[in-house]
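In short: position in the sequence shown from 1, add 150, done, that's my numbering.
We treat Cβ as the ideally placed atom computed from N, Cα and C, and that holds for glycine.
Note that the coordinates shown come from a computational prediction; the quantities given were computed from them, not determined experimentally.
Everything on this sheet refers to the single structure shown next.
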Amino acid sequence: MIITIDGPAGAGKGTISAFVAQKYKLAYFDTGMVYRAVGLQMVLDGVDLSDTERATEIAKALTFPQMMTLAKHKDFRSDVGSHAASCVSVIPSVRKALLKMQQDFALQPVFADGTPANGVVYDGRDTGTVICPNADLKFYITAPVEIRAQRRCNDLIAAGIDTDYEKVLEQMKARDARDMGRASAPLTKPDGAVEIDTSLYPTEKNLQDVAKIIDKKFGF
Ligand code: DC
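Have a look at this one:
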């Protein structure tokens, strides 16, 4: 069973993916991690983020265990890491180098502790279009950019980080432009995907709606 969950930054994909993975006992691949790993390695190596050749070399050499080690770094999910990931993700040769690793996960999906799973939920920008075009079920999760920026601000404030809404909104718009405007695998709603605007209803209702769609699709 393969379920893909795509959408822009801050739309709520992570919350929905974690819920789906837990409820249906599926392995979870947060595909943004591969770009975060490459971007952070560039930052740690002091390489300019526009150095396509180095980014491609790092992407080609990236292994799953190395990605999990980088994920423990303080900047893996910080603004520094998010910016670096967004920059390297527009490089077509980086995307190409990281494709097999992401696709192979579905052949033998495993939980975080290494035990085998019966399926996988992919979360990202191109999981229903490029990584698993033959997925059993596809979702496209979205919300207006102003709402997504406000959510990001709330997260930063909750983490005790000084924040400015207008600045976060500009950063969010810039990330959207890179995600949706890049030449290789731009973010788009996959054919046949179920679209959910998470700003319309409370999170609990959105999760229950997703569960109803999955139950109907698989006859649970
Ligand atoms: O979902 P995220 O914020 O962790 O993703 C980090 C970056 O990686 C983001 O700028 C978009 C990019 N990305 C991508 O290009 N394709 C994916 N399948 C997942 C993420």
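Any heavy atom of ligand 1 closer than 7 angstroms to the CB of residue i?
| i | result |
| --- | --- |
| A285 | no |
| R186 | yes |
| G274 | yes |
| G182 | yes |
| T154 | no |
| D254 | no |
| S334 | no |
| A299 | no |
| T338 | no |
| A235 | yes |
| A309 | no |
| R430 | In the structure displayed, the chain extends from 151 to 370; residue 430 sits before or after that span and is not available. |
| T361 | According to the sequence as given, residue 361 is Ala; it is not Thr. For ligand 1, not one heavy atom lies less than 7 angstroms from the Cβ of A361. |
| R325 | yes |
| A211 | no |
| S232 | yes |
| T279 | no |
| S243 | no |
| S167 | no |
| D225 | no |
| A293 | no |
| S239 | yes |
| A159 | yes |
| D229 | no |
| D329 | yes |
Report buried or exposed for residue i, applying the criterion of at least 16 other Cβ atoms within 10 angstroms of its Cβ.
| i | result |
| --- | --- |
| V260 | exposed |
| T206 | buried |
| S167 | buried |
| A392 | Absent from the structure is residue 392, since the part of the chain shown begins at 151 and ends at 370. |
| S239 | buried |
| I241 | buried |
| D273 | buried |
| A161 | buried |
| I155 | buried |
| K163 | buried |
| T213 | exposed |
| I311 | exposed |
| Q172 | exposed |
| L257 | exposed |
| I128 | Residue 128 cannot be examined here, being either before or after the span of the chain that is shown, 151 to 370. |
| K362 | exposed |
| P340 | buried |
| F179 | buried |
| I364 | buried |
| P215 | exposed |
Provide the residue(s) that pair with residue i in DSSP beta bridges, ordered along the chain.
| i | result |
| --- | --- |
| V344 | F289 |
| Y272 | T154 and F179 |
| P266 | V260 |
Less than 8 angstroms between CB atoms is the rule here; does residue i satisfy it with respect to chain B?
| i | result |
| --- | --- |
| G342 | Of the chains in the structure shown, none is chain B; there is only one protein chain. |
Hey, which unbroken runs of the beta strand (DSSP E) at 3 residues or more fall wholly within the segment 176–224? Fully enclosed beta strand (DSSP E) runs of 3 or longer: 177–180.
**OP:** Taking only runs that begin and end inside the segment 294–366, name each unbroken beta strand (DSSP E) of 3 or more residues, in chain order.
**Re:** The segment 294–366 is shown to contain whole beta strand (DSSP E) runs of 3 or more residues at 344–347, in chain order.
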